[in-house]
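In this note's numbering, the protein residues as written are 366 to 457.
To keep things clear, I will list the structure first and then write my remarks on it.
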């Protein structure tokens, strides 16, 4: 009888994470909505709270029409040039 360990090593990351923001004060927000029915409303509400509490500004709204697929790399590249951070989430 052979026994197998049902684990796998963690995947190697091919990209580094962005550095942590020192502060949200005055930061530029990007919104990435995923095509779900209520996503724009939910994300805009979160953005409004960040504007109110931290003086952020909403700079960019982008869409990806498939909630289960990653955003196209050109979409992420375009957003990254104009904002300090991006909020996204499901709007079910």
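Even glycine gets a Cβ: it sits at the ideal position worked out from N, Cα and C.
Keep in mind it's a predicted model, so treat the numbers as computed, not measured.
Residue nearest to residue i in terms of C-alpha spacing, selected from the options
i           : options               : result
residue 439 : 456, 453, 427 and 377 : 427
residue 384 : 445, 456 and 457      : 445
Beta carbon of residue i nearer than 7 angstroms to that of residue j
i           : j           : result
residue 448 : residue 397 : no
residue 429 : residue 436 : yes
residue 454 : residue 432 : no
Outcome for residue i when other beta-carbon atoms lying within 10 angstroms are tallied against a minimum of 16
i           : result
residue 434 : exposed
residue 408 : buried
C-alpha distance - residue i paired with residue j, whole-angstrom precision
i           : j           : result
residue 387 : residue 404 : 27 angstroms
residue 366 : residue 378 : 35 angstroms
residue 371 : residue 423 : 45 angstroms
Q: Tell me, please, whether the stretch 381-396 touches the stretch 414-422 by the rule of three or more beta-carbon pairs shorter than 8 angstroms.
A: yes
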